[in-house]
Amino acid sequence: MVKAVTQKKILKFPKTKIIALDRDPNSQKVAEKIKIENSKNFDFYNLKFSNLDKVHLKNENIKAIIFDLGFSYIQIKDYQKGLSFKSEGPLDMRMGLNEFSASKVINTLDQKDLEIIFKFFGEEKDSKRIAKKIIIERKKNLIDTQKLVKIVNSSKKKNYKKTHNSTKVFQALRIFVNKEISELVEGLIKSVKILKKNGIVIFISFHSLEDKIIKTFFRLLSENNKTSRYMPDNIIKPNILKLVKKKPILPSNKEIKLNKQSRSAKLRYAIKINDCDNFEKKIYEKFKFLLDIEKLSEKL
Ligand SMILES: C[S@@+](CC[C@H](N)C(=O)[O-])C[C@H]1O[C@@H](n2cnc3c(N)ncnc32)[C@H](O)[C@@H]1O
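Note that numbering that gives the first Met the number 0 gives residue 229 to position 230 of the sequence shown, counting from 1, and the numbers run on in steps of one.
Right, dumping it as structure tokens:
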């Protein structure tokens, strides 16, 4: 889950073991190289975050879990994956271990569903106009990446100078195709469960929706759930997490110069201070609205 360079730095500590997970089967090749040099203290699994509990842990003492979310530079440059609006390739967007492609979504779901996805997963202001145009255009031809870019361009009320017109629609589709909301929510829940007491959980996110979910999750598990000051202390559940910093850590200007992709990154971390009982219900309830949008894929 962390950058290969970072993994190598962590592996310099001889007693530290890394268990790495990535859904993209191509990352296996990078992992194999690391494994050759560090056979004893490195293991890789081609698994999704939501399957974190499927990793064979053999009583491992998990002291830290790091999530490096989103997609990599290698993935965006791989035009067959169709993650970029610059791509001439298929409208695909599957990072690995997926069920359906972006092409299936754009060419199958109805107008209202597409509008909801663009609006809530992309915060796209012109979601209604874009969805309407997609329905008209797809009656003529199957919509591919460049066709979608044209549709978005011609539907926008305002042209934005700083970002590409298609950024938000492509982000929304990528989140939907890769089920990034449930992946993140499951990843958050399962990581806190397998982490040892006093262990640290770290999330690096790249868009505001991801960051909002992490921030809310951390808040829910780090604030005493005392609803009334008259409530006796002995029925208050102890906090599971402790937040050391409320604000996220952002990259420095120097880092952004060296690594442009880091400019939108936000890092949040928390320490597990108590073992947890059933806290999932409250988390699923909190994110129900977003999780239900992902369920629109059941229509595909
Ligand atoms: C920012 S990149 C980090 C890349 C990698 N650590 C490296 O150094 O090359 C994010 C990685 O997370 C993977 N990823 C995204 N969502 C995932 C998920 N739900 N489960 C597993 N891996 C995921 C992507 O395939 C991508 O390789």
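Glycine included, C-beta positions come from ideal geometry on N, C-alpha and C. Note that this is a predicted model, so its numbers are computed, not measured.
With contacts defined by Cβ atoms closer than 8 Å, Gly198 and Ala19 do not form a contacting pair.
Exclusion of the five residues before and after Asp112 leaves Leu295 as the residues of its chain whose Cβ lies within less than 6 Å of its Cβ. The C-beta distance from Ile201 to Phe66 rounds to 7 Å, short enough to fall under 8 Å.
Less than 8 Å separates the beta-carbon of Ile33 from that of Gln6.
With a cutoff of 8 Å on beta-carbon distance, Ser102 and Leu90 are scored as near each other. For Asp77, the closest C-alpha among the options Leu68, Ile135 and Gly95 is that of Gly95. Rounded to the nearest angstrom, the Cβ distance from Lys271 to Leu194 is 5 Å, consistent with a contact under 8 Å.
For Arg267, the enclosing beta strand (DSSP E) begins and ends at Lys265 to Lys271. Take Lys132, set aside five residues on each side of it, and the residues of its chain with a beta-carbon closer than 8 Å to its own are Ile150, Ser153 and Ser154, in chain order.
If you keep only unbroken alpha helix (DSSP H) runs of at least 4 residues inside the stretch 142 to 229, you get 144 to 154, 166 to 176, 179 to 193 and 207 to 221.
The DSSP-derived three-state label of Phe43 is strand. Residue nearest to Phe84 within the set Gln110, Gln170, Val184 and Arg22 is Gln170 (criterion: CA-CA distance).
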